[in-house]
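Visitor:
Here it is as structure tokens:
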């Protein structure tokens, strides 16, 4: 049985009159088991606690628009075949080819069942079908999402996962169409979105992956797609707990300022709130493997007299409506400034990391729109934050875009003739955070 | 106890001869017959301290999940905090209320700043008789909360024994009863002192703490209403106020404190009471207490009014008797001592709640029938 635990990091002491309580809640899942385990994949024994065979559905959607022609198409086909190899027997699956329209590649369009359970015969047929894909047409990603949603809707799986690969801009439809489709399918399945090459738009795929509780990433070289797909399938199959909600209880009269996932990636959950009861909100976090995710919760409470204590939030993990773990965020008002002045190192670290992510994204957006002054300031701030929070990966990515004059003060100059891929790599990786070093 | 009621009982603690059927030694306050008596025999004090609003078990000072939130009335969740407003749940020891009769009630509360409630309160009432005891544990000594609770209950039980339904009732004309209650008050304070020593020894035995180094201690204040008579007794700086409805309010007790000594020496009250040592008490109950005999004062009220027994957690915010009278009358408009004492505690908490707060009130009428 999967076990969740929650650990709270905060400075619970507030100065007289203070109202805002910040805490990092670190949620860990252990014993998640494997998704749809039936004993074929290495190490996946058929355990009753896992999600169970037939309850997992996997779809791979590959861009087959004209721009994919050549190396990209061949690499994508190879990657889809590798993914099929990784999908364990018993998992319901389908392959979609996407251009300005979406086509079901496997099960074959004339097949009666929209999705089939993986077994050796199906695996061979699927690979044969994949090998027949060819590139032509435009790109309308909303149609791919619609088909995936239709296919998923036919199966009773508790856990549904889509891998989406594109190499270009969503140019064959108004962006409104995609936005509306994303809203329509949100909550139906999870999606990891991947872009190959440098002609796709990070912001477009991020919209999809963020809403659908997945990740976005850049695959610079086509030959790396297969490895990435294999990793995505493995990761998806390791998620033995189907649907997990983060719940935040806040006291009567208080206000939840925000709820953000801050590790392993920054993801603002605030807007995904649903109400459990008037004091408790739920935020979907998708399926979980054995992993730790950190959340930054900020609550505004009414100030109380010095010496008072109160609970500012209960942060809970709920699976199927049952609370599995709970962390308590407290507030204690004190007039001892040695207690109240301290900032929790965890809160400070992740506040910096979240600001780093937005500084990078805003800086790159400003640069793209030709606003060099804003870009210089924002990316300078990013350099400073990356150094302060020890995010070496971000530092090295930033250094490909800007010339650093003074890291501590965040003074930089924009580099001329930077590679588009370097900017996209910086953008896609901007939300990845480093964990705070714990003594 | 001896079956022969005519035989004097010898106190096992000090050797003093006690009158027949005495429940406590008048010299040292040691409960008599408690150790050697047949535990199944019915208590000689038939008058119960009940009915109380919420009594507490001294052995379990743990947070109660059953008690509604003191701040908003919501339910306390399993994690110890209110499910509605997030206020920490209070243990029985942190906040308790007693209402032994419609005209006698008190509230004992942890306050805002202190982590524990070291105040204690024990009330009893029957007919036109009431006993109100408040003990304020000394914060510098650990386990003073245990000591103060034991002390207040021991003293209440002694006063009950001298009450109209007790084993050795104080009777007679007013002057005789003043003398009788003064003796009873001293017996009660000695019993309370003995209870503190007993608690200290027990704590030392179970926890291995060195009692001599930092012994648990507490103040003592008690007031008895006996028909037309009010008698107060005290050690330390917990107080008894007599607050008549129309006449001048007065503080019956005189603090055994550094501040009081300064006032006696001519320092203005406000200056003395705000000085850093103001709260240093010169008399107390505890293993290191030089003596445990309460000082006493009596009054025969000539008009109806409120008798207030309180700890410094309340009077720190309103020391002057006249102002205290105004405050109590403001909260006691309904005539219910329970709502009034609760309002006094809330008021002290609103002033900052820097110390534990206890307020116990008795509505004293001038005629017997009014109290019945």
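Residue numbers (our numbering), protein chains in the order written: chain C, 202 to 640; chain H, 82 to 453.
The beta-carbon is built from N, C-alpha and C at its ideal position, and this holds for glycine as well.
CB-CB under 8 angstroms to residue 356 of chain C, same chain, minus the five flanking residues each way: which ones, in chain order?
Guide: Answer for residue 356 of chain C: 258, 293, 315 and 316, listed in chain order.
Visitor: Return no unless some Cβ of chain C is closer than 8 angstroms to the Cβ of residue 434 of chain H.
Guide: Yes, its Cβ sits closer than 8 angstroms to a Cβ of chain C.
Visitor: Three or more C-beta pairs under 8 angstroms: does that hold for the region 374-383 of chain H against the region 329-339 of chain H?
Guide: Result yes; three or more Cβ-Cβ pairs closer than 8 angstroms.
Visitor: When the Cβ atoms of the region 422-439 of chain C are set against those of the region 273-286 of chain C, are three or more pairs found closer than 8 angstroms?
Guide: They touch, by the three-pair rule.
Visitor: Could you tell me the distance, in whole angstroms, from the CA atom of residue 127 of chain H to the CA atom of residue 197 of chain H?
Guide: Residue placement at residue 127 of chain H is flagged as unreliable, the pLDDT there being 30, under the threshold of 50; a coordinate-derived value is accordingly withheld.
Visitor: Counting contacts by CB-CB distance shorter than 8 angstroms, is residue 375 of chain C in contact with chain H?
Guide: No, its Cβ sits nowhere closer than 8 angstroms to a Cβ of chain H.
Visitor: Find the nearest neighbour of residue 261 of chain H within the set H:172, H:249 and H:222, judged by alpha-carbon distance.
Guide: It is H:249.
Visitor: Can you pull the chain H residues whose beta carbon is under 8 angstroms from the beta carbon of residue 523 of chain C, in chain order?
Guide: By Cβ distance, chain H contributes nothing, its closest Cβ being about 15 angstroms from residue 523 of chain C, past 8 angstroms.
Visitor: Taking a cut of 9 angstroms between CB atoms, which residues from the region 164-183 of chain H lie near chain C?
Guide: Cβ contacts with chain C come from 164, 165, 166, 167, 168 and 169.
Visitor: Quick one: which unbroken beta strand (DSSP E) runs of 3-plus residues sit fully inside the region 356-420 of chain C? Chain order, please.
Guide: Listed in chain order, the complete beta strand (DSSP E) runs (minimum 3 residues) inside the region 356-420 of chain C are 360-367, 391-397 and 417-420.
Visitor: Check each candidate in H:419, H:420, H:395 and H:404 and name the one with the smallest Cα separation from residue 430 of chain H.
Guide: Answer by Cα proximity: H:395.
Visitor: Using a Cβ-Cβ cut-off of 8 angstroms (strictly less than) and excluding sequence neighbours within five positions of residue 399 of chain H, which residues of its own chain qualify?
Guide: The answer, listed in chain order, is 405 and 408.
Visitor: Note down, in chain order, all residues in the region 489-506 of chain C with a beta-carbon under 7 angstroms from any beta-carbon belonging to chain H.
Guide: Those residues of the region 489-506 of chain C that come within reach of chain H (Cβ to Cβ, closer than 7 angstroms) are 506.
Visitor: Which stretch, first to last residue, makes up the alpha helix (DSSP H) that contains residue 578 of chain C?
Guide: 573-589 is the span of the alpha helix (DSSP H), which, as asked, contains residue 578 of chain C.
Visitor: Which value, in whole angstroms, describes the spacing of the CA atoms of residue 553 of chain C and residue 629 of chain C?
Guide: Cα-Cα distance, rounded: 18 angstroms.
Visitor: How big is the Cα-Cα spacing for residue 618 of chain C and residue 483 of chain C?
Guide: One C-alpha to the other measures close to 46 angstroms.
Visitor: Roughly how many whole angstroms lie between the Cα atoms of residue 578 of chain C and residue 625 of chain C?
Guide: Distance between the alpha carbons of residue 578 of chain C and residue 625 of chain C is about 19 angstroms.
Visitor: If we ignore side chains and look at the alpha-carbon of each, how far apart do residue 324 of chain C and residue 443 of chain C end up?
Guide: Rounded to whole angstroms, residue 324 of chain C to residue 443 of chain C spans 24 angstroms at the Cα level.
Visitor: Among the residues of its own chain, which have a CB less than 6 angstroms from the CB of residue 456 of chain C, if the five just before and after it don't count?
Guide: Only 501 meet the Cβ criterion.
Visitor: Straight-line CA distance for residue 320 of chain H to residue 194 of chain H?
Guide: Answer to the nearest angstrom: the Cα atoms are 21 angstroms apart.
Visitor: Just to confirm before moving on: does the CB-CB distance between residue 437 of chain H and residue 191 of chain H stay below 8 angstroms?
Guide: Yes, they are a contact pair.
Visitor: Name the residues in the region 389-400 of chain H whose C-beta lies less than 7 angstroms from a C-beta of chain C; which are they?
Guide: Result list empty, no residue passes.
Visitor: Do residue 496 of chain C and residue 461 of chain C have their beta-carbon atoms positioned less than 8 angstroms apart in this structure?
Guide: Yes. Within cutoff.
Visitor: Using a Cβ-Cβ cut-off of 6 angstroms (strictly less than) and excluding sequence neighbours within five positions of residue 510 of chain C, which residues of its own chain qualify?
Guide: Answer for residue 510 of chain C: 533, listed in chain order.
Visitor: Compare the C-beta of residue 564 of chain C with all C-beta atoms of chain H and state if any pair is closer than 8 angstroms.
Guide: So no, residue 564 of chain C is outside the interface.
Visitor: Around the C-beta of residue 297 of chain H, are 16 or more other C-beta atoms found within 10 angstroms, so that it is buried, or is it exposed?
Guide: Buried.
Visitor: What residue from H:412, H:276 and H:425 has the CA that sits closest to residue 237 of chain H's CA?
Guide: Comparing Cα-Cα distances from residue 237 of chain H to each of H:412, H:276 and H:425, the minimum goes to H:276.
Visitor: Out of curiosity, what's the CA-to-CA distance linking residue 246 of chain H and residue 525 of chain C?
Guide: Residue 246 of chain H and residue 525 of chain C: Cα-Cα distance of roughly 57 angstroms.
Visitor: Helix, strand or coil: which one does DSSP assign to residue 623 of chain C?
Guide: In the structure shown, residue 623 of chain C sits in a helix (DSSP, three-state: H, G or I).
Visitor: Go to residue 380 of chain H, then tell me how far its beta strand (DSSP E) extends in each direction, as first and last residue.
Guide: Segment 376-380, the beta strand (DSSP E) holding residue 380 of chain H.
Visitor: For the region 506-517 of chain C, which residues have a beta carbon sitting closer than 9 angstroms to at least one beta carbon of chain H?
Guide: So the close ones are 506, 507, 508, 509, 510, 511, 512, 513, 514 and 515.
Visitor: Can you find a C-beta in chain C that's less than 8 angstroms from the C-beta of residue 243 of chain H?
Guide: Not an interface residue.
Visitor: Under 8 angstroms between the Cβ atoms of residue 268 of chain C and residue 400 of chain C?
Guide: Cβ atoms of residue 268 of chain C and residue 400 of chain C: closer than 8 angstroms.
Visitor: Of the residues H:183, H:346, H:279 and H:244, which one's Cα is nearest the Cα of residue 265 of chain H?
Guide: Nearest C-alpha to residue 265 of chain H: H:244.
Visitor: Between the region 340-348 of chain H and the region 412-430 of chain H, can you find at least three pairs of beta-carbon atoms closer than 8 angstroms?
Guide: No, the region 412-430 of chain H does not touch the region 340-348 of chain H.
Visitor: Can you tell which of C:374, C:564 and C:406 has the C-alpha that lies nearest to the C-alpha of residue 366 of chain C?
Guide: Per the Cα distances, C:406.
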